[in-house]
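One structure is given below, encoded as structure tokens.
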Amino acid sequence: MSDTCHGSKCEWAASARGSTIGSVLRRLRIDNLVLIREAELELAPGLNAITGETGAGKTILAQAFGLLLGAKGDDSYVGAAAEEAYVEAELDLPAELEELTELRPEDEDALVVSRRVFADGRTRAYAWGRAAAREDVAAAVERVVAMSGQFEQRRLARPSYQLEVLDRFCGEEQLARRAAARTAWRELQAARRRHDELTANAALAEARLGELRALVEDTAGMEPGAEERLRSERERHRHVAELAEGAAAAAEALVPDDGEGATGLVALAERSVAPLERLAPELQRAGDELRDVELRLRETASDLHAFLSSLEAEPGRLEQLEAELDRIAEAKRRFRCTTYDELLAQSDEAQRELAALEDGSDPAEVAARDLAEAESRAQALTLELRAERNAGAPAFADAVAAELRGVGMGEGEFVCELRERAEPGSTGADDAGFLVRPNAGLPFAPVAETASGGELSRIALAIAAVAGGDTLVFDEIDAGIGGETAHAVGGLLRRLAEHAQVVTITHLPQIAALADRHFRVEKTPGDPTHTRIEQLDDEERKAELERMLGGQEFLAAVRG
């Protein structure tokens, strides 16, 4: 087993080097879900196997994943005597996270989502502990986790997902083009809106011009970082009495108007030691330190007096600061800016636009030129994406077909069909469709509509083995297979786990023996009966594999 850096980030970092893996599931927590009272799984980046006796509760894990992927849930999910069931997952942040962007805390490097199912059947979804729509949480998790069964069927039915898989197969340069195309599409939409506003009528153009001038005028003299500096200074002046009292007390303690004070006492100590230094040279160090302390205390007292003078010299400064901050706040409100930096950026853009007008440029003409440039960039990226897809689709289909044949899917006939969309979008102007023919003589048909549960899992496995992926969860991968096919599926899972995270709920020792991390699901008798999930060490894993093979007596009989 590969358990180095157990549960730590170094393992995740190592897993992603030189692979197409994007995001992975780090941790899964389950509380009071059917028979599982409490479980927390720290998953490996590679192949994770979950095994156990029939009826031990392995399917509850599939239910946990299902809740995170949007399954509704009901009161039957809640364990005996519990008020609620709870499932939580910590995942790497996916590259695209539109649904939950507003809920994401600053500097958060992980996606933490959860579902609660209450005893009356109600459910709630959360992201980073904040309430969220179930559909939004499911969409975010689905960007990282692909699960076999109905969820994989739903995913494989989406042309957008099939296009993403093809682009991933085409390589890092194609993924970079996708990212550039998304940016170009957003810029194109913004250019269209601006052009439409300016060409709608002359009144709008005049209003736009007035707004630009007002923006420049209202932000005149504002400098980067000024708002934060003003707030800090205002806070200081709001506490001027407190500051003056504290600084005066400190200065009085050091050099009082009457008496010795700390400085005088140190000077007295130095004068007592100085004559003795010739008689006892070891006292010279004490004398030097006392002289140094006296000097520093006098300098500190001087600094405190200067600080007190600065407070007295600015009697109306607080009102000035409040006025400056009110001016900034009013400008942010008027020009619909959430931050000071955004206000300055809009002001800079307004100055450039006004400068262009003074040079004789018409705003509508500038907008039309910007729109044409944005359309040109988007079109160029659309054509580049299409060319790479047309070149990669046949090789992708051939590679998937070869994998399908290896896992017992007949002749493994698989086709990736590209179609041009009527309207382009952020991923270009193409749709991809995966077609399969599991049996000779039948027509090709969409994967999601043709394959059975076990077949769909193997098709998803073959696609992931070819194109890479994030986290793939299989709970039907070994349905109806054994012998050589089981070995083939295990080998394919092992290869896939080199560049993707795989979680497989399995009863086949051929698969479990290849895992980087092995978990056992075990039913514990009691009142009520409950299920435990434990990560196995080497000896426990060996015993579990023996059990899966039929136990020691069966193995001895086979060897005999």
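Sequential numbering of the sequence shown, starting at 4, is according to the working numbering. The beta carbon of each residue, even a glycine, is placed where N, CA and C say it ideally should be. Source: prediction; values computed, not measured.
Quiz item: Do you know how far the Cα of residue 200 is from the Cα of residue 335?
Solution: 22 Å
Self-check item: Helix, strand or coil at residue 3 [DSSP, three-state]
Solution: This structure leaves residue 3 out entirely; the chain is present only between 4 and 563.
Quiz item: Taking all protein chains shown into account, do 16 or more other C-beta atoms lie within 10 angstroms of the C-beta of residue 344, making it buried, or fewer, making it exposed?
Solution: exposed
Exercise. Determine the direct distance from the alpha carbon of residue 333 to that of residue 225, and round the result to whole angstroms.
Key: 13 Å
Quiz item: Are the region 492 to 508 and the region 404 to 417 touching by the rule of at least three beta carbon pairs closer than 8 Å?
Solution: yes
Quiz prompt | Straight-line gap, residue 356 to residue 223 (C-alpha atoms, nearest Å) | solution = 16 Å
Quiz item: If you check the beta carbons only, do residue 489 and residue 403 fall under 8 Å apart?
Solution: no
Quiz item: Is the distance from the Cβ of residue 425 to the Cβ of residue 50 below 8 Å?
Solution: no
Self-check item: CB contact flag (residue 476, residue 68, <8 Å)
Solution: yes
Self-check item: Unbroken alpha helix (DSSP H) run spanning residue 401, endpoints
Solution: 366 to 409
Practice problem: Please report how far the alpha carbon of residue 216 lies from the alpha carbon of residue 183, in whole angstroms. | Solution: 33 Å
Quiz item: Can residue 148 and residue 72 be called in contact, C-beta distance under 8 Å?
Solution: yes
Exercise. Determine the contact status of residue 171 and residue 470, defining contact as a CB-CB distance below 8 Å.
Key: yes
Quiz item: Would a C-beta distance cut-off of 8 Å place residue 503 and residue 473 closer than the cut-off?
Solution: yes
Quiz item: If you follow the beta strand (DSSP E) that residue 431 is part of, which residue opens it and which one closes it?
Solution: 431 to 440
Practice problem: From the DSSP output, in three-state form, read off residue 412 for me. | Solution: coil
Quiz item: Between the C-alpha atoms of residue 468 and residue 196, what's the straight-line distance to the nearest angstrom?
Solution: 43 Å
Quiz item: CB residue 392 to CB residue 169, shorter than 8 Å?
Solution: yes
Self-check item: Residue nearest to residue 428 in terms of C-alpha spacing, selected from 461, 400, 386, 303
Solution: 386
Self-check item: Length-filtered (4 minimum) alpha helix (DSSP H) runs lying within the region 268 to 352
Solution: 287 to 315, 320 to 337
Quiz item: residue 537 lies in the beta strand (DSSP E); which residues open and close that run?
Solution: 533 to 538
Self-check item: Outcome for residue 123 when other beta-carbon atoms lying within 10 angstroms are tallied against a minimum of 16
Solution: exposed
Quiz item: For residue 423, which residues of its own chain have a beta-carbon under 7 Å away from its beta-carbon, when the five flanking residues on both sides are left out?
Solution: 432, 433
Practice problem: Identify whether residue 19 lies in helix, strand or coil by the three-state DSSP scheme. | Solution: Note that residue 19 has pLDDT 34, beneath the 50 cutoff, so the model's placement of it is unreliable and the number below is only indicative. Correct three-state label for residue 19: helix.
Self-check item: Contact with chain E by residue 341, beta-carbon distance below 8 Å
Solution: Here chain E cannot be found, since the structure has a single protein chain.
Quiz prompt | Endpoints, beta strand (DSSP E) assigned at residue 142 | solution = Residue 142 -> not in any beta strand (DSSP E); alpha helix (DSSP H) instead, spanning 137 to 145.
Exercise. Could you pull out every unbroken beta strand (DSSP E) segment of at least 3 residues lying fully inside the region 172 to 200, listed in chain order?
Key: none
Quiz item: What first and last residue would you give for the alpha helix (DSSP H) that runs through residue 503?
Solution: No alpha helix (DSSP H) holds residue 503; DSSP gives it neither H nor E.
Quiz item: Is it right to say residue 146 is buried, meaning 16 or more other beta carbons lie within 10 angstroms of its own, or is it exposed?
Solution: buried
Self-check item: Identity of the residue in 59, 54, 52, 53 nearest residue 528 by Cα
Solution: 59
Practice problem: For residue 68, name the three-state secondary structure that DSSP assigns. | Solution: helix
Quiz item: Looking at the structure shown, is residue 259 part of a helix, part of a strand, or coil, going by DSSP?
Solution: coil
Quiz item: Given 8 Å as the limit, is there contact between the region 266 to 276 and the region 289 to 302, that is, 3 or more CB pairs closer than that?
Solution: yes
Quiz item: Residues in its own chain within less than 6 Å of residue 210 by CB, not counting five upstream and five downstream?
Solution: none
Exercise. Determine, using beta carbons only, whether residue 91 and residue 32 come nearer to each other than 8 Å.
Key: yes
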